[in-house]
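Asker:
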Amino acid sequence: MMMTCYRNSVKCMLLLFFMGLAALNTYSYWRDSLNVNILNTSMHPDVTVEQSSITPFQCPFESWNQVHSDIVPNENLHLEWIQNNISRRDNILESQIRLLSSFVYLDHISITTNSQRSYGQKVYCRYFNCLREEVSNSSYQSIFFPMNVIRCPRRIGVKYMSISFDSEEIPQEPIPLVYRVFEAPIHEVSVCVGPIYGSESKWLEVAEFMEHYKLIGVRYFYFTVFNMNEYSRKIIDEYLRTGEIELTVIQSEYKTIDWQFHLLQINECHQRSKHHSKWVINVDIDERLVILDDKIKSVGSLLSGYNDTVAEVGFAIRRIQKTEKLPEKYESDEQIISEMEFLKYNVSSPVTEKLPEKYESDEQIFFEMEFLKYNVSSSITWGAYKTIYRPVKNNDFRSTEKNILGSGWLTDPNYKNFSIVPEETKFAEKLKENKRTTLRTVLEIKKTAGPSPGSGNFHFRKRGSSKRAMSGPAHKKTTSTSMELSDTVDEEDDHFDESNE
Numbered sequence: 001m002m003m004t005c006y007r008n009s010v011k012c013m014l015l016l017f018f019m020g021l022a023a024l025n026t027y028s029y030w031r032d033s034l035n036v037n038i039l040n041t042s043m044h045p046d047v048t049v050e051q052s053s054i055t056p057f058q059c060p061f062e063s064w065n066q067v068h069s070d071i072v073p074n075e076n077l078h079l080e081w082i083q084n085n086i087s088r089r090d091n092i093l094e095s096q097i098r099l100l101s102s103f104v105y106l107d108h109i110s111i112t113t114n115s116q117r118s119y120g121q122k123v124y125c126r127y128f129n130c131l132r133e134e135v136s137n138s139s140y141q142s143i144f145f146p147m148n149v150i151r152c153p154r155r156i157g158v159k160y161m162s163i164s165f166d167s168e169e170i171p172q173e174p175i176p177l178v179y180r181v182f183e184a185p186i187h188e189v190s191v192c193v194g195p196i197y198g199s200e201s202k203w204l205e206v207a208e209f210m211e212h213y214k215l216i217g218v219r220y221f222y223f224t225v226f227n228m229n230e231y232s233r234k235i236i237d238e239y240l241r242t243g244e245i246e247l248t249v250i251q252s253e254y255k256t257i258d259w260q261f262h263l264l265q266i267n268e269c270h271q272r273s274k275h276h277s278k279w280v281i282n283v284d285i286d287e288r289l290v291i292l293d294d295k296i297k298s299v300g301s302l303l304s305g306y307n308d309t310v311a312e313v314g315f316a317i318r319r320i321q322k323t324e325k326l327p328e329k330y331e332s333d334e335q336i337i338s339e340m341e342f343l344k345y346n347v348s349s350p351v352t353e354k355l356p357e358k359y360e361s362d363e364q365i366f367f368e369m370e371f372l373k374y375n376v377s378s379s380i381t382w383g384a385y386k387t388i389y390r391p392v393k394n395n396d397f398r399s400t401e402k403n404i405l406g407s408g409w410l411t412d413p414n415y416k417n418f419s420i421v422p423e424e425t426k427f428a429e430k431l432k433e434n435k436r437t438t439l440r441t442v443l444e445i446k447k448t449a450g451p452s453p454g455s456g457n458f459h460f461r462k463r464g465s466s467k468r469a470m471s472g473p474a475h476k477k478t479t480s481t482s483m484e485l486s487d488t489v490d491e492e493d494d495h496f497d498e499s500n501e
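According to UniProt numbering, the sequence shown is numbered sequentially starting from 1.
Pasting the structure below:
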């Protein structure tokens, strides 16, 4: 009996021992949990959030973004030019300085602004990482040259750029870098399209311009818009969707935009296309190059015949009278055809080689001051440079309406003896079809007023020929000897061109 009681006592003691260990373990776990840092929310004091000790986010440093430099290419040469007031243009003196874009190249960064009054001024480049935090000890004193461009050396890990006029002042809101660190251009031939502004609707003109240049082999476009109505913007948005254009929108405090704003577009588009396109056609929205030789299959095939010493190819101009404004909105297929500038206007001036349009080659680093028509005969360049003026044609559809700078061109001796331009039938047929297809796709699609049968969703319905197939990019031949540039200038666009003649 005594032995049994003893055994039971031992069992009870062991049980109590293990129960004590369990209680001690529970207490230790509870005590440790109190040591965790907690945050009490103001709205719900009982809710706690455990703070994490995870390492803060680190911006990635891509291989192309691990370059540090302390100089800007040709900076001393620029200073020499500034001292001689080369390329100086002081316009729009009361405008606010806004950043437009910034581009990173292999050996430097370029920032473009909307300023036309800061020529030669000192300015500081300010560098920011992917978190928009300024990179410490990175600022660099540079200058405005040419006109609205600031060039800066490279810094490691930079994703955004800004400027300031003092190294200690708060810089403007930084803007993202656009990647241009290409070892070779990714486009053969592109177009820098003159700025779009003014009250006239541009939807028809933009579509005809795009489809025209696509037919002669151009596959990429750089557009600049100051103002545009919503209806015309639909066409721009369609080409943005297909990845065929880059768009720069320039905000301005000015109600009226005139030819002086072309200078901003010219400089910005040069920086945008540099190292991105091998050749760039610099034309306004109303100008058309036309291949007139059956042996030349595309603009690219023409330019491929030039070696690396050629940086510019010029084309003579002919003007074609434009006597009416463009329609405000789409009405029908018949309207698209009847309003085609390429077919509608054919009263042409004689061909003149005065102030030809230009191709700009990016194959060698050259610099024509501001790329303006003002100083074509006294271009300032570095590297191998040669200008070739070809005895070919540039069709300029010029408005006959009087305006501030463009009135009186019909009385100019260079533009007398008008004649009828023969129609390029094969090219016109291709252009009509491509233009009609694009405009139908964008402007004929309408949302129905109610849900479609059997579903609770809205559906889209195309009017007219619903079975029409979308045509792909046109890789088509064109007709005739040389090249021709058609320029259909409206009242506002005419300001710039006439001022340079």
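C-beta atoms are modelled at their ideal positions from N, C-alpha and C, and glycine is treated no differently.
Locate the alpha helix (DSSP H) running through N76, then write down its first and last residues.
Answerer: From DSSP, the alpha helix (DSSP H) with N76 extends over 75-83.
Asker: Is F458 helix, strand or coil when you go by DSSP?
Answerer: Because the pLDDT at F458 is just 36, under 50, the model does not fix this residue reliably, and the point stays unresolved.
Asker: Whose CA, out of K202, Y140, M210, lies closest to the CA of T289?
Answerer: Correcting the residue type first, residue 289 is Leu in the shown sequence and not Thr. With distances taken between Cα atoms, L289 lies closest to M210.
Asker: Provide the residue span of the alpha helix (DSSP H) that contains L131, from first to last.
Answerer: Careful: L131 lies outside any alpha helix (DSSP H) and carries neither H nor E.
Asker: Looking only at C-alpha atoms, which of F427, S101, L106 sits nearest to E183?
Answerer: Ranking the options by Cα distance to E183, first place goes to L106.
Asker: Within 10 Å of its beta-carbon, does W64 have 16 or more other beta-carbons around it, so buried, or fewer, so exposed?
Answerer: Answer is exposed; the Cβ neighbour count stays below 16.
Asker: Can a CB atom of chain B be found closer than 9 Å to the CB of H68?
Answerer: Of the protein chains in the structure, only one exists, and it is not chain B.
Asker: Under three-state DSSP, which class holds V376?
Answerer: Its pLDDT being 28, under 50, V376 is placed unreliably by the model, and the measurement read from it follows with that caveat. Note: V376 maps to helix in three-state DSSP.
Asker: In chain order, what residues of the same chain lie with their CB nearer than 6 Å to the CB of S115, ignoring the 5 residues before and after it?
Answerer: Excluding sequence neighbours, S115 sits near I97, N148.
Asker: Check the C-beta distance from V280 over to S190 and give it rounded, since I have them as a contact under 8 Å.
Answerer: Between S190 and V280 the Cβ distance is about 5 Å, and since that is below 8 Å, they are a contact.
Asker: From the DSSP secondary-structure annotation, give me the bridge partner or partners of P176.
Answerer: The partner list for P176 (beta bridge, DSSP) reads Y160.
Asker: Under the rule that 16 or more other beta-carbon atoms within 10 Å means buried, what is P56, buried or exposed?
Answerer: Label assigned to P56: exposed.
Asker: The alpha helix (DSSP H) with K344 in it runs from where to where?
Answerer: First-last of the alpha helix (DSSP H) with K344: 341-344.
Asker: Relative to the alpha-carbon of H270, which residue among E133, E62, T112 has its alpha-carbon at the smallest distance?
Answerer: It is T112 whose Cα lies nearest to the Cα of H270.
Asker: Find the nearest neighbour of Y231 within the set M13, V67, L215, V442, judged by alpha-carbon distance.
Answerer: Considering only alpha carbons, the answer is V442.
Asker: Applying the criterion that 16 or more other CB atoms from any shown protein chain within 10 Å of the CB defines a buried residue, is P176 buried or exposed?
Answerer: That one is exposed.
Asker: Taking only runs of the beta strand (DSSP E) that begin and end inside the stretch 270-297, which ones reach a length of at least 3 residues, in chain order?
Answerer: As far as the stretch 270-297 is concerned, its whole beta strand (DSSP E) runs of at least 3 residues are 277-283, 287-291.
Asker: With 16 other CB atoms within 10 Å as the buried threshold, where does D71 fall?
Answerer: The displayed chain sequence assigns Ile, not Asp, to residue 71. The residue is exposed, with fewer than 16 neighbouring Cβ atoms inside 10 Å.
Asker: For P146, which of L263, T248, V181 has the nearest alpha-carbon?
Answerer: Nearest option by C-alpha distance: L263.
Asker: Around the Cβ of Q141, are there at least 16 other Cβ atoms within 10 angstroms (buried) or fewer (exposed)?
Answerer: Classification of Q141: exposed, given that the 10 Å Cβ count is below 16.
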